[in-house]
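Everything on this sheet refers to the single structure shown next.
Residue numbers (our numbering), protein chains in the order written: chain A, 8 to 403; chain B, 1460 to 1675.
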């Protein structure tokens, strides 16, 4: 019965996203027209030992097609031990719109550095950019276009993997592509759950009214999105304002990142558990609970798997070969195949929407993603569980 | 923040209802197809059972038993002796598949109960035929009956322990008599539905379950 429940919920979520795609005609979504006048934007870039990459990030900003007079860049050094500050100073000496600021409250993490940057920002819009992320030339203009709607308080970018090389990076490329579309769909339900670190833009008033990034959170980009949702602030999502970000290239680094995301996510759920409420509309009654249920189901499936392993049923079935496997084939397996087919349809539609000449999502990559990712996610959650049990302190 | 700039929360009931209806429909299709597959599997199983029952090996066995001609007997004995492993393998494989089916569909599933009865009848017939074969052809292979059952367990020690001991006994017999042993297992829990089990149990198990019996 447990497996039927898991299959039902998984199928429901897949169907929900597909219906959203068809309802909003996502392949013909019009992004807002560019405004005649662009607002003043402050780009805040927190850095810690980013000597190797910060130059590329600043170069990508310099080549942006945003009016120089309407732009300032605030690099916040979180007491880097390498040559990051020197590298940045090469730019501050050459470009007067780029500033370097030392974070006085260093050692706390990314959020503290961002807060320092926000305090120095003079723009009516404040963008946060990760130091290993490279916005496309027109990304900022496209994102600021959303703020022509006065009710929009924040906008998220289209985050893609920067030049994926190995299998680990290519798998993440598919994952990020799927996330671009799902976030856009969630924005139609006013249910965006995260303003991603690689590039997000906020109205300055958001920080004045709701406060700074939470320095006690290890997933502050999700925490501030939840906080905005708690105050019914609108978050828009772009599918054509692109930022390319470096991703972990090794499994171990990916694991550390995902453990942080999972643990941060759990804490954010607990902090905002009051939002599991009709009062918050689609966000409170559907999106938040389904997200939570998704995490719970990983453990349900795991427990079911270990139970089967311990009682020897797993080995008995497979010891008898393919014939016996087919003999054990039942309704839940047929439903699982249907779920897989719908998921493939989902990904292919998403691919059609975001495919561009710079990033090809081949069928092979998608197949690899469908095969490998469920296992990886399970491993990430198992590791998260053990770290939580061990009470290991999570650092940024 | 002025009210007109905040999100007006709503619930897209029609979206969730449609998603639910589609999910239930897809689920229903899946379950229907799954049941069709299970029926096909059961039919396939019955088909394999019938194939074993009507196979040429069984015809040979029966002809052996019905003839008094020593020359024919000798030929049939020789042929059967060479194929002892293959003969028992068919039934054994079918038994394994049935075990998987039982685990998936449950012991009380009527289809499973029906198939198990057919299978035990086949096993009982095979056992009796090979017992006769051993006598007629002077073969010295070991014939083992194994009676087990969770609900009908009569062991003085915990049943799981008793079953484990029996299974170790069987493994030892198998390794000591490689290629020269036939083991017939009967689930005593099916005794009420299966006359074959009832008959063999009363003849050989002396009421003890689990029990490994070497039939001499």
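Ideal Cβ positions, reconstructed from N, Cα and C, are used throughout, including at glycine.
Quantities reported herein were computed from a predicted structural model and do not represent experimental measurements.
For this session: Would you identify the three-state DSSP class for residue 165 of chain A, choosing helix, strand or coil?
Result: strand
Exercise. Any idea what DSSP makes of residue 1576 of chain B, helix, strand or coil?
Worked result: helix
Exercise. Going by beta carbon distance, what residues of the same chain come within less than 8 Å of residue 350 of chain A, once the five residues before and after it are set aside?
Worked result: 21 and 377
Exercise. So, helix, strand or coil for residue 269 of chain A, using DSSP?
Worked result: helix
For this session: Could you check what DSSP says for residue 1673 of chain B in three-state terms: helix, strand or coil?
Result: strand
Exercise. Hey, would you say residue 1505 of chain B sits closer than 8 Å to residue 1574 of chain B, going by beta carbons?
Worked result: yes
Problem set entry | residue 1674 of chain B vs residue 1602 of chain B beta-carbon contact at 8 Å | yes
For this session: Could you tell me whether the Cβ of residue 103 of chain A comes closer than 8 Å to any Cβ of chain B?
Result: no
Problem set entry | Of the residues A:386, A:347 and A:395, the one placed nearest residue 373 of chain A, counting alpha carbons only | A:347
For this session: Report the partner residues of residue 136 of chain A according to the DSSP bridge assignment.
Result: A:206
For this session: Please name the residue, chosen from A:386, A:240 and A:52, that lies closest to residue 212 of chain A on a Cα-to-Cα basis.
Result: A:240
Exercise. Any residues in the region 265-298 of chain A with a beta carbon nearer than 9 Å to a beta carbon of chain B? Which ones, in chain order?
Worked result: 285, 286, 287, 288, 289, 290, 291, 292 and 293
Problem set entry | Between the CA atoms of residue 164 of chain A and residue 359 of chain A - distance to the nearest angstrom | 18 Å
Exercise. Can you tell me where the beta strand (DSSP E) with residue 1603 of chain B in it begins and where it stops?
Worked result: 1601-1607
Exercise. In chain order, which continuous runs of the alpha helix (DSSP H) of length 4 or greater are located wholly inside the region 70-121 of chain A?
Worked result: 91-99
Exercise. Since residue 1660 of chain B sits in a beta bridge, which residues does DSSP pair it with?
Worked result: Paired residues: none, contrary to the question.
Exercise. The region 174-208 of chain A: which residues have C-beta closer than 8 Å to a C-beta of chain B, in chain order?
Worked result: 196 and 197
Problem set entry | Cα-Cα separation between residue 161 of chain A and residue 153 of chain A, rounded to whole angstroms | 9 Å
Problem set entry | Status (buried if at least 16 other CB within 10 Å, exposed otherwise) for residue 1476 of chain B | exposed
Exercise. In the structure shown, what three-state DSSP assignment does residue 325 of chain A receive?
Worked result: Summary for residue 325 of chain A: the model assigns pLDDT 45, below 50, so the residue's position carries little reliability, and this model does not support an answer.
Exercise. Going straight from the alpha carbon of residue 386 of chain A to that of residue 264 of chain A, what length do you get?
Worked result: 13 Å
Exercise. Between the C-alpha atoms of residue 216 of chain A and residue 14 of chain A, what's the straight-line distance to the nearest angstrom?
Worked result: 42 Å
For this session: Quick one: residues in its chain with C-beta nearer than 7 Å to the C-beta of residue 39 of chain A, no 5 flanking neighbours on either side, listed in chain order?
Result: 152, 153 and 155
Exercise. Is the Cβ-Cβ distance between residue 168 of chain A and residue 51 of chain A less than 8 Å?
Worked result: no
Problem set entry | Inter-residue CB distance, residue 251 of chain A and residue 141 of chain A (contact presumed, cutoff 8 Å) | 5 Å
For this session: Indicate whether at least one CB of chain A lies closer than 8 Å to the CB of residue 1689 of chain B.
Result: Absent from the model: residue 1689 of chain B. The displayed extent of chain B is 1460 to 1675, so no value can be given.
For this session: Inspect the CB distances between the region 1603-1622 of chain B and the region 1658-1673 of chain B and report whether three or more fall short of 8 Å.
Result: yes
Exercise. Within the chosen definition, does the region 103-120 of chain A reach the region 172-183 of chain A through at least 3 CB pairs nearer than 8 Å?
Worked result: no
For this session: Give a yes or no on whether the C-beta atoms belonging to residue 139 of chain A and residue 57 of chain A are separated by under 8 Å.
Result: yes
Problem set entry | Residues near residue 199 of chain A by beta carbon distance below 7 Å, same chain, minus five either side | 163, 190, 193, 232, 242 and 244
For this session: Quick one: which unbroken beta strand (DSSP E) runs of 3-plus residues sit fully inside the region 198-267 of chain A? Chain order, please.
Result: 206-210 and 241-252
Exercise. Going straight from the alpha carbon of residue 1651 of chain B to that of residue 1578 of chain B, what length do you get?
Worked result: 15 Å
Exercise. Could one say the Cβ of residue 1468 of chain B lies closer than 8 Å to chain A's Cβ atoms, at least one of them?
Worked result: yes
For this session: Report back the beta-carbon spacing between residue 307 of chain A and residue 18 of chain A to the nearest angstrom; my notes put them in contact at under 8 Å.
Result: Going by Cβ atoms, the distance from residue 307 of chain A to residue 18 of chain A rounds to 15 Å, so no, they are not a contact pair.
Problem set entry | Within-8 Å CB hit, residue 1490 of chain B to chain A | yes
For this session: For residue 60 of chain A, I'd like the list of residues in its chain whose CB is within less than 8 Å of its CB, leaving aside the five on either flank, ordered along the chain.
Result: 138, 139 and 253
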